[in-house]
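To get the working numbering, take the position in the sequence shown, counting from 1, and add 821.
Ideal placement from N, C-alpha and C gives every residue a C-beta, glycine not left out.
In what follows, a single structure is set out as structure tokens and then discussed.
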Amino acid sequence: MLITLLILSASFLIAMALGSLVLYELRSMIFTGESIKALYAAESGLEWKLFENIKGVLIEAPTMTNNSSFEVSVSNPPAGGTLIKSIGQSGNNFRALEASF
Numbered sequence: 822m823l824i825t826l827l828i829l830s831a832s833f834l835i836a837m838a839l840g841s842l843v844l845y846e847l848r849s850m851i852f853t854g855e856s857i858k859a860l861y862a863a864e865s866g867l868e869w870k871l872f873e874n875i876k877g878v879l880i881e882a883p884t885m886t887n888n889s890s891f892e893v894s895v896s897n898p899p900a901g902g903t904l905i906k907s908i909g910q911s912g913n914n915f916r917a918l919e920a921s922f
């Protein structure tokens, strides 16, 4: 009876450890997907603002249909040129891209 109890306890601990590993991997996959959406949102904002600057006309900001968004800021650093920074957000993930020209 004691040996049976030890074997069942060991089996339970192994099952709990494997379950926590699977849960960790599932969460990582979800966060990776959100991170990619944030990166693509930042890229969309950057390309939108670059296109506006190249064409010299104001264009309506693109709308994101996958629950992500972006914020774009344009500045003129003292060294000259133009600096565009785009921050994409999806869920609690933020990714940023910059372009200077």
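Whether or not the region 853 to 870 and the region 910 to 917 are in contact is what I'm after, with contact meaning three or more pairs of Cβ atoms, one per stretch, closer than 8 Å; do they touch?
yes
Could you compute how far the alpha carbon of M885 sits from the alpha carbon of I908?
14 Å
Looking at I905: is its Cβ nearer than 8 Å to the Cβ of V893?
yes
For the beta strand (DSSP E) that contains L918, what are its first and last residues?
914 to 921
Between I875 and chain D, is the shortest Cβ-Cβ distance under 8 Å, so that the two count as touching?
The displayed structure is made up of one protein chain only, and chain D is not part of it.
Below 7 Å, is the gap between the Cβ of P899 and the nearest heavy atom of the ligand FMN?
Of ligands this structure carries none, so the ligand FMN is not represented either.
Counted within 10 angstroms of its Cβ, other Cβ atoms place I832 as buried (16 or more) or exposed
In the sequence under discussion, the amino acid at residue 832 is Ser, which differs from the Ile named in the question. It counts as exposed.
CA-CA distance, G877 and L847?
45 Å
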